[in-house]
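Enquirer:
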Amino acid sequence: MDITSLLLALAALAVGGVVGFLLAQGRAASNASSASAEVSALTSRLEGATAQLEQVREAGALALEEARGTHERTAAQAREDAAARLGEAERRGARAVAEAEERHAAALESLERRHAEAEAQRRADGEARETKLRADAEARIAELRGDTKRLADEFDALSKKALAANTEAFLAQAEERLKRTHGEGAAELAKREEAVKQLVAPLAQTLGQVKEEMTTAEKARLEAHAALAQQVRGMQESSEQLRTETSALVNALRAPQVRGQWGEMQLRRTVEAAGMVEHVSFTEQVQLEGGKLRPDLVVSLPDGKQVVVDSKVAFNGYLEAMEARDDATRAKRLLAHARHMRTHIDQLSGKEYWSHLEATPEFTVMFVPSEVFLNAALEQDPSLQEYAFERNVVPATPATLVALLRTVAYTWRQEKLAAEAGQVFAVGRELHKRLAIFGGHLEQLSKKLNGTVDQFNKMTSSLDSRVVPQVRKFSALQGLDTAFEVPPPLEVLAVPAQKSDLHVVELTDAEIARDRAEQQAALEAAGVQDDLLGEIAGADDGDAASDRAARRGRASA
Numbered sequence: 051m052d053i054t055s056l057l058l059a060l061a062a063l064a065v066g067g068v069v070g071f072l073l074a075q076g077r078a079a080s081n082a083s084s085a086s087a088e089v090s091a092l093t094s095r096l097e098g099a100t101a102q103l104e105q106v107r108e109a110g111a112l113a114l115e116e117a118r119g120t121h122e123r124t125a126a127q128a129r130e131d132a133a134a135r136l137g138e139a140e141r142r143g144a145r146a147v148a149e150a151e152e153r154h155a156a157a158l159e160s161l162e163r164r165h166a167e168a169e170a171q172r173r174a175d176g177e178a179r180e181t182k183l184r185a186d187a188e189a190r191i192a193e194l195r196g197d198t199k200r201l202a203d204e205f206d207a208l209s210k211k212a213l214a215a216n217t218e219a220f221l222a223q224a225e226e227r228l229k230r231t232h233g234e235g236a237a238e239l240a241k242r243e244e245a246v247k248q249l250v251a252p253l254a255q256t257l258g259q260v261k262e263e264m265t266t267a268e269k270a271r272l273e274a275h276a277a278l279a280q281q282v283r284g285m286q287e288s289s290e291q292l293r294t295e296t297s298a299l300v301n302a303l304r305a306p307q308v309r310g311q312w313g314e315m316q317l318r319r320t321v322e323a324a325g326m327v328e329h330v331s332f333t334e335q336v337q338l339e340g341g342k343l344r345p346d347l348v349v350s351l352p353d354g355k356q357v358v359v360d361s362k363v364a365f366n367g368y369l370e371a372m373e374a375r376d377d378a379t380r381a382k383r384l385l386a387h388a389r390h391m392r393t394h395i396d397q398l399s400g401k402e403y404w405s406h407l408e409a410t411p412e413f414t415v416m417f418v419p420s421e422v423f424l425n426a427a428l429e430q431d432p433s434l435q436e437y438a439f440e441r442n443v444v445p446a447t448p449a450t451l452v453a454l455l456r457t458v459a460y461t462w463r464q465e466k467l468a469a470e471a472g473q474v475f476a477v478g479r480e481l482h483k484r485l486a487i488f489g490g491h492l493e494q495l496s497k498k499l500n501g502t503v504d505q506f507n508k509m510t511s512s513l514d515s516r517v518v519p520q521v522r523k524f525s526a527l528q529g530l531d532t533a534f535e536v537p538p539p540l541e542v543l544a545v546p547a548q549k550s551d552l553h554v555v556e557l558t559d560a561e562i563a564r565d566r567a568e569q570q571a572a573l574e575a576a577g578v579q580d581d582l583l584g585e586i587a588g589a590d591d592g593d594a595a596s597d598r599a600a601r602r603g604r605a606s607a
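The sequence shown runs contiguously to residue 607 in our numbering.
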């Protein structure tokens, strides 16, 4: 082989390497474009996720957090997908490099075969040139391998740079949108908080008022509780004192004498409460049969009748029943109490007070100082009351005795009113009688007055007709200017009584004589004057009528 053939072989080898490199670069470029397309697809998916994030922006702060989590998951998935795509691209580039290497190896093998053939053909050219060519070929192969590695590194760097740039842009855009969404959400949240504050403000004010009222109520409750506690303490002290005094009273009432005095005192209070008066409406401790019988109270009735009341205090059995600790003992003592009450009824029935007092009904009132004593006995012995009625004994408690005594007091008041009405009738009868006598005197006085007026008019008429002319003549002779005035006659007469029944009364002779004596004593002075006027009138009877007519004419003129 000549040098030309060797150069052609080297040139072919170089062209084959360049073509292989170009093919590998083209495949790497196609793989890079495919990765870029996949990155674009991922970017579009991220933009879709961003659109979804924009759609859920109105959900508020909670939806924003959820969108942020969704975005982070989507970004992580996108990163994972991008990493997977990048790994796939790297694997494809590695496969392309491997294919290029295989082709290069095939070309090299072909070249070596051809070289072997050429070597076989051109052994004459020497092993030095062949070694040099082999070294150049190996250097070229190393260079090609370095270029392949550099291209792979550059592709890796470019893909990573593109992915990083796209990721940074996506993250920046997503962060910006998230910030804008967060700002809008914060503004919306602020508006909602303001609206909530406006809605809550009246509630807060009301709660404040309620708090103040609760504070006032709590203060009042504490004060009331303190006052109540003080009252409870006072009640406890009073209860303890009452318990002590009650115990002392019970112990004292166990003595028959003290018990009897207490019953008599209760009886007296009941009688006084009914409005009765001692020694008028009732009498205490009346002794009968020489002191053998002595009822506690005798009530006097208006018609002279009397009702006997005797106090019986039998409650030893009742007190013992109240102090009993078991029901059997309590029932036993209550039965004993009922028997004691029946014994007292027998005792009162045997005394027969009504047989020792006049106008007394045949029964005796047995006074029991308390309702509970009689009720307890009736509960144990329901026939006790009928038993008492059969023996002319009427059991009475303060309430029933007050009703009985008030009825008696009412009859006393009616009796008193009837007595006073009789007195008023007698006084009115006497007054009517005296008014009748006074009416007769008044009628006689009117007659006397009319006669006096008539005599006075006759006297003035005589003066005017008989005396005055002479006086005037005498005045004219003496030169006197003083006129002699004549008093006018009296035209008023005494008016008699319009109702004559006032003085129409039948009088005895003694009353008429006494009345005439009083009239005579009262009219002695009037009688003397009447005599004088009668004498004057008797002298002037002839001129009286004409003079009276003339005088009336002058008066009218």
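All C-beta atoms in this analysis are idealised placements derived from N, C-alpha and C, irrespective of residue type, glycine included. Quantities reported herein were computed from a predicted structural model and do not represent experimental measurements.
1. Hey, would you say LEU343 sits closer than 9 Å to VAL359, going by beta carbons?
2. By Cβ distance, which residues of its chain are closer than 7 Å to GLU412, with the 5 residues on each side in sequence left out?
3. Give the secondary structure of ASP186 by DSSP, where H, G and I count as helix, E and B as strand, and everything else as coil.
4. Are the beta-carbon atoms of GLN316 and PRO432 separated by less than 9 Å?
5. Are ASP381 and ALA371 touching if we call contact CB-CB under 9 Å?
6. Return the residue from the list ALA214, GLU204 and LEU451 that minimises the CA-CA distance to PRO47.
7. Who does THR414 pair with in a DSSP beta bridge?
8. Looking at C-alpha atoms only, which residue of ARG283, ALA426 and ALA453 is the closest neighbour of ALA386?
9. Within this structure, are the beta carbons of LEU434 and MET391 separated by less than 9 Å?
10. Let me make sure I understand the geometry here. Which of GLU122, GLU436 and HIS482 has the alpha-carbon closest to that of GLU225?
11. What's the gap between the Cα of THR414 and the Cα of ALA279?
12. Just to confirm the assignment, what range does the beta strand (DSSP E) spanning VAL349 have?
13. Measure the Cβ-Cβ separation of PHE417 and LYS362 and say whether it is below 9 Å.
14. Quick one: give me the first and last residue of the alpha helix (DSSP H) that LEU428 is part of.
15. Please classify LYS508 as buried or exposed, where buried requires at least 16 neighbouring CB atoms within 10 angstroms.
16. Mapping DSSP to helix, strand and coil, what is VAL330?
17. Could you have a look at LYS241 and say whether DSSP puts it in helix, strand or coil?
18. Which of the three DSSP states, helix, strand or coil, is assigned to ALA202?
19. In angstroms with no decimal places, state the Cα-to-Cα distance between GLY490 and LEU481.
20. So is THR231 buried or exposed if we call it buried at 16+ other beta carbons inside 10 Å?
21. What would DSSP say about GLU402, mapped onto helix, strand or coil?
22. Out of curiosity, what's the CA-to-CA distance linking ALA526 and VAL517?
23. Would you decide whether GLY367 is buried or exposed? Buried here means 16 or more other CB atoms lie within 10 Å of its CB.
24. Are the CB atoms of LEU424 and PRO445 within a distance shorter than 9 Å?
25. Measure the C-alpha to C-alpha separation of ARG271 and ARG375 and round it to an integer number of angstroms.
26. If you measure between the beta carbons of GLN356 and LEU398, is that distance less than 9 Å?
27. In three-state terms, what does DSSP make of ALA374?
Expert: Put simply:
1. Along the sequence shown, read from residue 1 onward, the residue named residue 343 stands at position 293. Along the sequence shown, read from residue 1 onward, the residue named residue 359 stands at position 309. No, the Cβ-Cβ distance between LEU343 and VAL359 is not below 9 Å.
2. Mapped onto the sequence shown, residue 412 falls at position 362. Answer for GLU412: TRP404 and ASN442, listed in chain order.
3. Along the sequence shown, one-based indexing puts residue 186 at 136. In the structure shown, ASP186 sits in a helix (DSSP, three-state: H, G or I).
4. Here residue 316 refers to the residue found at position 266 of the sequence shown. Here residue 432 refers to the residue found at position 382 of the sequence shown. Taking 9 Å as the Cβ cut-off, GLN316 and PRO432 do not qualify as a contacting pair.
5. Counting from one through the sequence shown, the residue named residue 381 turns up at place 331. Counting from one through the sequence shown, the residue named residue 371 turns up at place 321. The amino acid occupying residue 381 in the given sequence is Ala; Asp does not appear at that position. Yes. Within cutoff.
6. Residue coverage of the chain in this structure runs from 51 to 607, which leaves residue 47 outside it and unanswerable.
7. Within the sequence shown, the letter at position 364 stands for residue 414. According to DSSP, which records beta bridges pairwise, THR414 is partnered with VAL358 and VAL443.
8. For this step, residue 386 is matched to residue 336 along the sequence shown. Restricting attention to ARG283, ALA426 and ALA453, the CA atom closest to the CA of ALA386 is found in ALA426.
9. The residue given as residue 434 occupies position 384 in the sequence shown. The residue given as residue 391 occupies position 341 in the sequence shown. It is a contact, given that the beta carbons lie within the stated cut-off.
10. Numbered from 1 along the sequence shown, position 175 holds the residue referred to as residue 225. Minimum Cα distance to GLU225 is reached at GLU122.
11. Translated into positions along the sequence shown, residue 414 becomes position 364. Translated into positions along the sequence shown, residue 279 becomes position 229. Roughly 51 Å separates the two Cα atoms.
12. The residue labelled residue 349 in the question sits at position 299 within the sequence shown. Start and end: 347-350.
13. Counted from its first residue, the sequence shown places residue 417 at position 367. Counted from its first residue, the sequence shown places residue 362 at position 312. Taking 9 Å as the Cβ cut-off, PHE417 and LYS362 qualify as a contacting pair.
14. Start at 1 with the first residue of the sequence shown, and residue 428 comes out as number 378. Segment 421-430, the alpha helix (DSSP H) holding LEU428.
15. Looking up residue 508 in the sequence shown gives position 458. So LYS508 ends up on the buried side.
16. Mapped onto the sequence shown, residue 330 falls at position 280. With a pLDDT of only 49 at VAL330, under 50, the local geometry of the prediction cannot be trusted, and the value read off the model is given with reservation. In the structure shown, VAL330 sits in coil (DSSP, three-state: anything other than H, G, I, E or B).
17. Residue 241 sits at position 191 when you count from the first residue of the sequence shown. It is helical.
18. Position 152 of the sequence shown holds residue 202. Residue state, collapsed to three classes: helix.
19. For the purposes of this step, residue 490 is taken as the residue at position 440 of the sequence shown. For the purposes of this step, residue 481 is taken as the residue at position 431 of the sequence shown. Near 14 Å, if we compare the C-alpha coordinates of LEU481 and GLY490.
20. As a first step, residue 231 is located in the sequence shown; it is residue number 181 there, counting from the start. The residue is buried, with at least 16 neighbouring Cβ atoms inside 10 Å.
21. The count along the sequence shown starts at 1 and reaches residue 402 at position 352. Note: GLU402 maps to coil in three-state DSSP.
22. Position 476 of the sequence shown holds residue 526. Position 467 of the sequence shown holds residue 517. If you take the alpha carbons of ALA526 and VAL517, they lie about 14 Å apart.
23. Within the sequence shown, numbered from 1, the residue matching residue 367 stands at position 317. Its Cβ being crowded by 16 or more others within 10 Å, GLY367 is buried.
24. As a position in the sequence shown, residue 445 is number 395, starting the count at 1. As a position in the sequence shown, residue 424 is number 374, starting the count at 1. Yes, they are a contact pair.
25. The count along the sequence shown starts at 1 and reaches residue 271 at position 221. The count along the sequence shown starts at 1 and reaches residue 375 at position 325. The straight-line gap from Cα to Cα measures roughly 41 Å.
26. Numbered from its first residue, the sequence shown carries residue 356 at position 306. Numbered from its first residue, the sequence shown carries residue 398 at position 348. No, the pair does not count as a contact, with Cβ atoms beyond the cut-off.
27. The sequence position of residue 374 within the sequence shown is 324, counting from 1. It is coil, neither helix nor strand.
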